[in-house]
Amino acid sequence: MVNKRAAATKLKGVKKIHHPKLRVTKRKSQKYDEEITSEEEDYSDNPEENSDKNAEKPNKTIIQETREEIPLNIPKELTNKAYRKIELFTDRVASESYQKIRDFHASSCVSCLVVSNSLDFIICGSKDGRIVKYTFEGVRVHQIKSHKRNSKNFNRPVQPKGSILCMALSCDDRFLVTSSEDNLIFIWDAKTFKYIKHLIGHRSSVTGLCFQKDSYQLYSCGNDKMVKLWNVEKCGFIDTWYGHEAPIFMIDSLEKECAVTCASDSTIRFWKVFQQSQLVFNSSSGWDQLCVAMINEKIFVSGSLDGTLSLWSASLKKPLFTITKVHTQTPNDQLESSSSYQILSIAVIPFHDIIATGSHDGFIKLFSVVEEKRLEYIKSILCDGHVNSLKFSECGKYLIAGCGCEERLGRWSAVKNRTLNSVKVFML
């Protein structure tokens, strides 16, 4: 169960928002806890047992009754959305052909990037603390430099300090959220790059950011082992969750109020916001889980330090399908070496059957999800350097890669070649 105690540090300058979706009446608190406990015990290794247990559950749960009692200030289109199956997309990219149409040179190692839904711009962050905005044609529009140590304005952190580790863009391309090694989360106007506010709460570097789809709710995670929920529009803090026993590397979320995280404790955790509960998935390989992405509300994929790609279901403890040593194989499926390359980044198109993985072996690998049960290799794309970030365009026609001469969170296999620091755009 999640520790419900508040964060020990006092959040200065950040107002606490009492989330109506997180309240439960005292009269039903006991039944509510019993239901969450039984729900966590229900998911097993056999999918047939899970389907039988779900069929025996009553139609109306305590959560649904509580939703009727408490008015929720969220759009109706979000509450009425049911489970969406994975749509077919890999037929469009099944051929071996692809084209690199853009290659933007960066001043330093690119650690993260975001792409606008309208394909108007690409924003990338680098390890020298710069945030650069490009047009899709490669023209530099705006730039935010890192904080100068000899500056006189130390008390007003309007500039990030240290490497930019992660960033997120709201679905309407209005807010850009970034984080660096200074434990702060900065909110910017994505169009003008104007500083709006910074959020205080994490005790260490923030390593993961993501918006809930079609919402201004922001999830964050960091080296302090905490997961936090914010409201970017109101610049307010909502809640904190604990569970991981080691630094968290990445977080992802979709439409519903749930998120998935991966950490160096070899676990993946599926967080249920409204239920205030979490499901723990242990890695079969025992290695650190470096990246994770949600395909739909039940299926997600993860990449580990030993190069293992795993497909997971929220109703099963063990992975549905696993591919080992993903980035030790050439396009002809021949092993390049006995050692495997770590999976540094994963990109998916939400509710579609295509997955892209990046490493530092010179290739981006594309896979398809077949019947929500297994993974199949499609093709490889030549890409030099450490692929620290991967993003699909919303239409799925373009794949954007942020590359560098070293990893996003370290320098384990750094290469002294600045020409590798770039943003590449591939047309599939």
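Its first residue numbered 22, the sequence shown is counted upward by one per residue in this note's numbering. Backbone N, C-alpha and C define an ideal beta-carbon position, used for all residues, glycine too. All values derive from a computational prediction rather than experimental measurement.
Candidates C145, Y119, E318, K234: which alpha carbon is nearest L411's? Along the sequence shown, one-based indexing puts residue 411 at 390. Out of C145, Y119, E318, K234, C145 has the C-alpha closest to the C-alpha of L411.
Quick check on R123: does DSSP put it in helix, strand or coil? Position 102 of the sequence shown holds residue 123. In the structure shown, R123 sits in a strand (DSSP, three-state: E or B).
Through-space distance from R151 to Q296, alpha-carbon basis: Numbered from its first residue, the sequence shown carries residue 296 at position 275. Numbered from its first residue, the sequence shown carries residue 151 at position 130. Their backbone Cα atoms lie some 39 angstroms apart in a straight line.
Continuous beta strand (DSSP E) stretch holding V281: start and end: Position 260 of the sequence shown, counting from 1, holds the residue named residue 281. First-last of the beta strand (DSSP E) with V281: 279-284.
With distances taken from CA atoms, which of D374, A422, H407 is nearest I399? If you number the sequence shown from 1, residue 399 lands on position 378. Among D374, A422, H407, the Cα nearest to that of I399 belongs to D374.
Could you say if the region 230-245 and the region 193-203 meet the contact criterion of at least three C-beta pairs nearer than 8 angstroms? yes
Here's a check: name, in chain order, each residue in its chain whose Cβ is nearer than 7 angstroms to the Cβ of G324, leaving out the five neighbours to either side. Within the sequence shown, residue 324 is the residue found at index 303, counting from 1. Closer than 7 angstroms at the Cβ level, and outside the excluded window around G324, lie L311, C312, L330, I364, I367, T378.
With H, G and I counted as helix, E and B as strand and the rest as coil, what does DSSP make of T213? Taking the sequence shown and counting its residues from 1, one reaches residue 213 at position 192. Note: T213 maps to coil in three-state DSSP.
Same chain only: Cβ atoms within 7 angstroms of F214, ignoring 5 sequence neighbours per side: Reading the sequence shown from its first residue, position 193 is the one you call residue 214. Hits under 7 angstroms: K154, H163, I165.
According to DSSP, residues forming a beta bridge with S325: The count along the sequence shown starts at 1 and reaches residue 325 at position 304. Q310.
Three-state secondary structure (DSSP) at L396? Counting from 1 along the sequence shown, the entry for residue 396 is found at position 375. Residue state, collapsed to three classes: strand.
Can you tell me the Cα-Cα spacing of Q120 and V301, whole angstroms? Here residue 120 refers to the residue found at position 99 of the sequence shown. Here residue 301 refers to the residue found at position 280 of the sequence shown. Using only the alpha carbons, I get a separation of about 40 angstroms.
If we count the other Cβ atoms within 10 Å of its Cβ and call it buried at 16 or more, is A314 buried or exposed? Start at 1 with the first residue of the sequence shown, and residue 314 comes out as number 293. Under this definition A314 is a buried residue.
C-beta atoms of T228 and C283 nearer than 8 angstroms: The residue labelled residue 228 in the question sits at position 207 within the sequence shown. The residue labelled residue 283 in the question sits at position 262 within the sequence shown. No. Outside cutoff.
Which of helix, strand or coil DSSP assigns to T349: Looking up residue 349 in the sequence shown gives position 328. The answer is helix: DSSP assigns T349 an H, G or I state.
Does D124 pass the burial test, meaning 16 or more other C-beta atoms within 10 Å, or should it be called exposed? Within the sequence shown, residue 124 is the residue found at index 103, counting from 1. That one is exposed.
For the beta strand (DSSP E) that contains Y263, what are its first and last residues? Walking along the sequence shown from the start, residue 263 turns up at place 242. 257-263 is the span of the beta strand (DSSP E), which, as asked, contains Y263.
W251 and L220 closer than 8 angstroms at C-beta: What you label residue 251 is simply residue 230 of the sequence shown in a count that begins at 1. What you label residue 220 is simply residue 199 of the sequence shown in a count that begins at 1. Yes. Within cutoff.
Helix, strand or coil: how does DSSP classify L220 here? As a working mapping, residue 220 is identified with position 199 in the sequence shown. Of the three classes helix, strand and coil, the one that applies to L220 here is strand, per DSSP.
Would the beta-carbon of I208 fall within 8 angstroms of that of C133? Within the sequence shown, the letter at position 187 stands for residue 208. Within the sequence shown, the letter at position 112 stands for residue 133. Taking 8 angstroms as the Cβ cut-off, I208 and C133 do not qualify as a contacting pair.
Exposed or buried, which one is A267 when buried takes at least 16 other CB atoms within 10 Å? Along the sequence shown, read from residue 1 onward, the residue named residue 267 stands at position 246. Exposed is the call here.
Span of the beta strand (DSSP E), counted from its first residue to its last, around G425: One-based indexing of the sequence shown puts residue 425 at position 404. 419-425 is the extent of the beta strand (DSSP E) around G425.
Is S137 buried or exposed, if buried means 16 or more other CB atoms sit within 10 Å of its CB? Taking the first residue of the sequence shown as 1, we reach residue 137 at position 116. When all chains shown are included, S137 counts as buried.
Beta-carbon gap between I385 and V369 smaller than 8 angstroms: Taking the first residue of the sequence shown as 1, we reach residue 385 at position 364. Taking the first residue of the sequence shown as 1, we reach residue 369 at position 348. Not closer than 8 angstroms, so no.
My assumption, with CB atoms under 8 angstroms, is that K445 sits in contact with C424. Please give the rounded CB distance. Numbered from 1 along the sequence shown, position 424 holds the residue referred to as residue 445. Numbered from 1 along the sequence shown, position 403 holds the residue referred to as residue 424. Sure, about 6 angstroms apart at Cβ, within 8 angstroms.
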